[in-house]
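I have placed the structure first, in the form of structure tokens, so that the comments after it can refer back to it.
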Amino acid sequence: GIITYVSEAYCELSGYKKEDLIGKSQNIVRHPDMSKSFFKNLWSELLKGNSWEGEIKNMDKNENSYWIRGRIIPIINCDKIIIGYRAIMVNVTDEKQLSKVNSILKDDLSLKLNEIKTKDRFKMNESKIELMSKVLDAFSNEWKKPISNLSLKLLDLETRISKEIPSKEYLKLFTKESSQNIKNLSMNLNDFRHIFHNKNINEKYNVYNELENAIALIEEKEEITLDLTEIGRAHV
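Heads up: the sequence shown begins at 22 in the working numbering, then just goes up one per residue.
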């Protein structure tokens with residue numbers, strides 16, 4: 022647990038200088054809210070030679086709390102002995118703070134939207150502009166999680182490539198998790214696009230494409246195989 026290296030980004034986040042951290046125990050940034058059992062489980066995995074991934078609440082030099090999400094990887098020498106650990110972390114403090122107020126914000130937006138619907142069209146458009154900043158802020162925080170996850174996965178891939186060629190299993194998992202994060206971003210963007218948009222009842226809907234997407238999700242399970250024969254791309 023003795024710190025041997027820190028990045029400039031981590032110094033800025035923690036409020037400490039490099040000389041304040043290097044040579045000190047990791048406990049210097051430990052937050053009292055984090056239990057002993059949490060770190061006991063963390064070290065149990067690391068001492069087995071496994072990597073650890075999760076979220077940790079720390080405390081900066083001014084005793085303000087912050088959250089980081091990332092992975093800790095054992096560094097093993099040619100004799101297969103653990104000589105240290107490398108931690109790749111992403112600051113997720115804003116995301117954690119958002120989770121505390123997200124339900125309140127959604128309720129507030131819902132009430133305001135209902136009020137807007139009772140007003141005339143001119144006032145409704147004015148209120149949309151006033152609410153847009155709140156909605157954009159809420160959704161931007163929702164996007165931070167998949168973006169930070171993608172950043173973390175790319176950093177981990179870069180670390181692995183610098184040491185050895187990643188296995189097929191790792192690349193498959195990397196592709197699957199990255200695709201899911203991109204899908205989450207797309208879903209959030211679609212929700213944002215429609216939140217102030219009244220969908221046209223005459224809007225066309227491509228049933229065939231939606232069935233193809235559904236089958237693609239089901240076929241991720243090896244024991245299931247489905248086939249869709251296209252007769253015609255009908256729109257209803």
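Built from N, CA and C at the ideal position, the CB exists for glycine as well.
In this text, all values refer to a predicted model and were calculated from it rather than measured experimentally.
query	result
From what residue to what residue does the alpha helix (DSSP H) around Lys61 run?	57-68
Who are the near neighbours of Leu176 in its chain, counting only those whose CB is closer than 6 Å to its CB and skipping five residues on each side?	Ile109
With distance defined between alpha-carbon atoms, name the residue in Pro187, Leu132, Leu63 nearest to Tyr106.	Leu63
Would you mind giving the Cβ-Cβ distance between Ile103 and Ile97, rounded to the nearest angstrom? I have them listed as a contact below 8 Å.	6 Å
Anyone know if the C-beta pair for Ser86 and Lys78 falls short of 8 Å?	yes
Counting contacts by CB-CB distance shorter than 8 Å, is Asn135 in contact with chain C?	In the structure shown, chain C cannot be found, because there is only a single protein chain.
Under the three-state reduction of DSSP, which class applies to Ser183: helix, strand or coil?	helix
Are the CB atoms of Leu171 and Ser199 nearer to each other than 8 Å?	yes
So Ile43 and Val27 are in contact, right, with Cβ under 8 Å, and what is the actual spacing, rounded?	7 Å
Considering only DSSP beta bridges, list what Met110 is partnered with.	Gly91
What's the gap between the Cα of Tyr191 and the Cα of Asp129?	43 Å
Output yes or no for whether 8 Å exceeds the beta carbon distance between Glu76 and Val113.	yes
Quick one: what's got a C-beta closer than 8 Å to Lys82's C-beta in the same chain, skipping five residues either side?	Ser35, Gly36, Tyr37, Asp41
Could you tell me which of Ser46, Ala30, Glu33, Leu132 sits nearest to Ile23, measuring between CA atoms?	Ser46
Which same chain residues end up closer than 8 Å to Ile222 when comparing Cβ atoms and leaving out the 5 residues on each side of it in sequence?	Unreliable positioning characterises Ile222 in this predicted model, as indicated by a pLDDT of 48, which lies under 50. The coordinate reading is nonetheless provided below. Closer than 8 Å at Cβ, skipping near neighbours: no residue.
Can you pull the DSSP bridge partners for Ser86?	Met80
Reducing DSSP to helix, strand and coil, say where Ser72 ends up.	coil
Identify, in the order they occur along the chain, each residue of the same chain with its Cβ nearer than 7 Å to the Cβ of Leu134, setting aside the five sequence neighbours on each side.	none
For Val111, which residues of its own chain have a beta-carbon under 7 Å away from its beta-carbon, when the five flanking residues on both sides are left out?	Ile89, Arg90, Gly91, Ser169, Ser172, Leu173
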